[in-house]
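In the numbering used here, the protein residues as written are 720 to 1021. All C-beta atoms, glycine included, are put in the ideal place defined by N, C-alpha and C.
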């Protein structure tokens, strides 16, 4: 009886494809995304951004008109964190407990625009330094009296700002200042004064009405403090205003000064939406890259 011989059959194409697929699957398994590594990379990147914002510079958005005409609602700007040293207020989101300690602390100069934090909230205010440690400051009829001498104020031509969603020029805030131009557009005509501090720092301010903050009794600024005011003198909760009225309640400790405003990166008029295509049309012309350090001139009487 002959024994049946069975020869091995050649591998079929389908079996080869199966083997190749299994090999590819093994390689894919080996090359699968390591989510732990990815999350760690994202966390490190986030920490680097927070560190940069805490120690070097941070973008800010202007939500109020307290610094008009120099800053407008909708301005985006860069604030440097290192000029006055670092303190509890330097950390992003103000996660550190309040403290008077400062690292490499320095004092601002007259006219600097600074970020300050009120004593009762963690909000960021932006104001201008108008008195330094040891100064005596008062406000009489809207004019600063510094160490017994009136800070010069010179009338300049008014400026006309276009009325937009971020600057509606409401009659309650700017009575009689809104008008319609010949082309039908609405404008807000703001009276301007130029103020010059003892170091020659000069800048524009608005003071168009009588109101309680136009007078402030003489106060000596303690060591380690500064006195700050908004450039829009009639609509600024600053060192003149009590804490109960969302003001700063007097001089501000230097440990609560979080940085110096440097320049505007962009300004939007409030007509933009979530669609990025609307942002270009909402850009205010001529405001990007505006420097926010005050111009320095020869001080009056020098």
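Next item on the list: Since I believe residue 919 is in contact with residue 848 (beta carbons under 8 Å), could you give me their beta-carbon distance rounded to a whole number of angstroms?
Entry: Rounded, the Cβ-Cβ distance is 14 Å, inconsistent with contact.
Checklist line | Euclidean distance between Cα positions of residue 923 and residue 832 | finding: One C-alpha to the other measures close to 13 Å.
Check: With 16 as the cutoff for other CB atoms within 10 Å, does residue 773 come out buried or exposed?
Finding: So residue 773 ends up on the buried side.
Note to self: Just to confirm before moving on: does the CB-CB distance between residue 963 and residue 1011 stay below 7 Å?
What the structure shows: no
Item checked: Start-to-end residues for the beta strand (DSSP E) that takes in residue 764 -> Run containing residue 764: none in the beta strand (DSSP E); it sits in the alpha helix (DSSP H), 754-774.
Item checked: Cβ neighbours of residue 971 in the same chain (closer than 7 Å, five flanking residues each side left out) -> 835, 944, 945, 947, 958
Check: Are the segment 781-793 and the segment 873-886 touching by the rule of at least three beta carbon pairs closer than 8 Å?
Finding: Because the criterion of three Cβ pairs below 8 Å is met, the segment 781-793 and the segment 873-886 touch.
Notebook entry, point to check: If you run the structure through DSSP and keep just helix, strand and coil, what is residue 1007?
Noted result: coil
Checklist line | Cα-Cα separation between residue 860 and residue 986, rounded to whole angstroms | finding: Taking the CA atoms as reference points, residue 860 sits about 33 Å from residue 986.
Note to self: Taking 8 Å as the cut-off, does the segment 760-774 touch the segment 987-995 (at least 3 CB pairs, one atom from each stretch)?
What the structure shows: no
Checklist line | Helix, strand or coil at residue 973 according to DSSP, with G and I counted as helix | finding: helix
Notebook entry, point to check: Hey, how far is the Cα of residue 823 from the Cα of residue 815?
Noted result: Between residue 823 and residue 815, the C-alpha separation is close to 18 Å.
Check: In angstroms, rounded to a whole number, what distance separates the CA positions of residue 907 and residue 853?
Finding: 39 Å
Margin query: Can you tell me whether residue 962 is helix, strand or coil according to DSSP?
Written below: helix
Notebook entry, point to check: On the three-state DSSP scale, how would you describe residue 794?
Noted result: strand
Next item on the list: Please report the residue range of the alpha helix (DSSP H) in which residue 996 lies.
Entry: 996-1001
Item checked: Completely contained beta strand (DSSP E) runs for the segment 839-906, where each covers 3 or more residues -> 844-850, 855-859, 862-865, 872-881, 897-899
Margin query: Just to confirm my understanding: we take residue 752, look at its own chain, exclude 5 residues before and 5 after, and list those with CB closer than 6 Å. What are they?
Written below: none
Notebook entry, point to check: How is the beta strand (DSSP E) around residue 920 delimited, first residue to last?
Noted result: 920-924
Item checked: Through-space distance from residue 869 to residue 863, alpha-carbon basis -> 6 Å
Next item on the list: Give me the Cα-Cα distance between residue 880 and residue 909, rounded to the nearest whole angstrom.
Entry: 8 Å
Item checked: Rounded straight-line distance, which links the Cα of residue 795 to that of residue 937 -> Computed Cα separation, rounded: 35 Å.
Notebook entry, point to check: Would the beta-carbon of residue 974 fall within 7 Å of that of residue 821?
Noted result: yes
Check: Going by the CB atoms, is the gap between residue 934 and residue 912 shorter than 7 Å?
Finding: no
Check: Going straight from the alpha carbon of residue 917 to that of residue 830, what length do you get?
Finding: 10 Å
Check: How about residue 800 and residue 809: are their beta carbons less than 7 Å apart?
Finding: Going by C-beta atoms, residue 800 is nearer than 7 Å to residue 809.
Checklist line | Span of the beta strand (DSSP E) around residue 938 | finding: 935-939
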